[in-house]
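Encoded as structure tokens, the structure appears first; notes follow it.
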Ligand code: SF4
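Numbering (the working numbering), first residue to last: 982 to 1294.
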């Protein structure tokens, strides 16, 4: 459990009371259950445009929000500028956490020998999921340490699209203890809406979006397909070469059945290659256990995303 390094913890200012009372269609906010403990709403900031706006909405809605960003060395350097701009927009610092074991996806592949597997990308697990689990562990209620800070809810930037609503519901079912809130779904905001909100706020979009990528994943993401990797070959040739070597060493490829060093430069070329978003909760495959028609009812405004989650409890 020692994989996590807390670089900055702005916890001193946390207070016991957490949030406003909600009606039945709003998120079921928890109040810290251990007497004397400090409680806050935990916002996951990924340097993507959706999580940036979700955190902003959470700050406007809840009394005490603390934001966290997972650092990975292969993030685009412009992310530092974006973080700084968002901190000014929020009027608040964004805290940072990171894996102690691995600095980026290349190191994960090199040390574990895994690229992708049936349960997803190994780097997502090591650089994001395990970091989140360790962090959550440190914030769990502790009867012997009643003043230990705790989160009451987690904020996630799932956007207002049927597939994303499905993922949000699935996440809430799988991790009910996180008591997640989904501000973008509540406010019916898509990624495009979020981009406009940032532009209107005078914040330049992160460079990866401006280069034509559909998210702000690590540079050289193992979830990318042929078109993505051919774009990386042009935009970030050193990352392409590094991954091509890492694949051969591991004996597995990012793209099913094709190693990067044999990828035809003309394959998969599109103006905007789609790569699944990699957040603290991401997976490529839509969960089979969430009913699409239920998600469509959320999309059509017939019920809230939280009422849809209740359907499975
Ligand atoms: S963004 Fe891509 S490379 Fe980075 S951790 Fe996620 S899956 Fe791995």
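All C-beta atoms, glycine included, are put in the ideal place defined by N, C-alpha and C.
Opening and closing residue of the alpha helix (DSSP H) in which residue i lies
| i | result |
| --- | --- |
| residue 1280 | 1273 to 1280 |
| residue 1023 | Where residue 1023 is concerned, there is no enclosing alpha helix (DSSP H), although the beta strand (DSSP E) it sits in stretches over 1020 to 1025. |
| residue 1288 | 1286 to 1291 |
| residue 1190 | 1188 to 1191 |
| residue 1145 | 1143 to 1155 |
| residue 1058 | No alpha helix (DSSP H) contains residue 1058, which DSSP labels as neither H nor E. |
| residue 1228 | 1218 to 1231 |
| residue 1041 | 1030 to 1042 |
Alpha carbon of residue i to alpha carbon of residue j, nearest angstrom
| i | j | result |
| --- | --- | --- |
| residue 1021 | residue 1137 | 15 Å |
| residue 1088 | residue 1067 | 29 Å |
| residue 1034 | residue 1288 | 23 Å |
| residue 1145 | residue 1284 | 16 Å |
| residue 1158 | residue 1057 | 32 Å |
| residue 1278 | residue 1153 | 17 Å |
| residue 1028 | residue 1090 | 23 Å |
| residue 1195 | residue 1205 | 11 Å |
| residue 1130 | residue 1109 | 21 Å |
| residue 1071 | residue 1173 | 20 Å |
| residue 924 | residue 1239 | An answer regarding residue 924 cannot be provided, because it is not within the stretch 982 to 1294 covered by the chain. |
| residue 1222 | residue 1111 | 27 Å |
| residue 1237 | residue 1282 | 39 Å |
| residue 1128 | residue 1155 | 28 Å |
| residue 1178 | residue 1124 | 42 Å |
| residue 1118 | residue 1025 | 16 Å |
| residue 1272 | residue 1147 | 8 Å |
| residue 1218 | residue 1243 | 15 Å |
| residue 1216 | residue 1100 | 29 Å |
| residue 1191 | residue 1059 | 11 Å |
| residue 1023 | residue 1069 | 18 Å |
| residue 1280 | residue 1229 | 44 Å |
| residue 1032 | residue 1241 | 31 Å |
| residue 1293 | residue 1286 | 12 Å |
| residue 1132 | residue 1149 | 19 Å |
| residue 1203 | residue 1139 | 21 Å |
| residue 1176 | residue 1214 | 26 Å |
N- and C-terminal bounds of the beta strand (DSSP E) containing residue i
| i | result |
| --- | --- |
| residue 1179 | Not the beta strand (DSSP E): residue 1179 falls in the alpha helix (DSSP H), residues 1172 to 1181. |
| residue 1168 | Note, residue 1168: premise wrong, no beta strand (DSSP E); not H, not E. |
| residue 1047 | 1046 to 1051 |
Neighbour-count burial assignment, residue i, 16 or more Cβ in a 10 Å radius
| i | result |
| --- | --- |
| residue 1105 | buried |
| residue 1246 | exposed |
| residue 1200 | buried |
| residue 1197 | buried |
| residue 1248 | exposed |
| residue 1290 | buried |
| residue 1085 | buried |
| residue 1141 | buried |
| residue 1122 | exposed |
| residue 1274 | exposed |
| residue 1151 | buried |
| residue 1161 | buried |
| residue 1126 | exposed |
| residue 1164 | buried |
| residue 1107 | buried |
| residue 1113 | buried |
| residue 1044 | exposed |
| residue 1030 | buried |
| residue 1016 | Bear in mind that the predicted position of residue 1016 carries a pLDDT of just 37, short of 50, making it unreliable; the figure below should be weighed with that in mind. With fewer than 16 other Cβ atoms within 10 Å, it is exposed. |
| residue 1180 | exposed |
| residue 1276 | buried |
| residue 1103 | buried |
CB contact below 7 Å: residue i versus chain B
| i | result |
| --- | --- |
| residue 1148 | In the structure shown, chain B cannot be found, because there is only a single protein chain. |
Heavy atom of the ligand GTP within 6 Å of residue i beta-carbon
| i | result |
| --- | --- |
| residue 1188 | You won't find the ligand GTP in this model; what it holds is the ligand SF4. |
| said: Runs of 3 residues minimum, wholly inside the segment 1061 to 1133: which ones carry the beta strand (DSSP E) assignment? | reply: 1075 to 1080
| request: Inspect the CB distances between the segment 1183 to 1202 and the segment 1052 to 1069 and report whether three or more fall short of 8 Å. | output: yes
| Are the segment 1066 to 1077 and the segment 1046 to 1055 touching by the rule of at least three beta carbon pairs closer than 8 Å? | yes
| Stretch-stretch touch, CB-based, cutoff 8 Å, three pairs: the segment 1224 to 1233 with the segment 1081 to 1101 | yes
| request: Spell out a yes or no on whether the segment 1158 to 1168 and the segment 1037 to 1048 are touching, meaning 3 or more CB-CB pairs, one atom from each, closer than 8 Å. | output: yes
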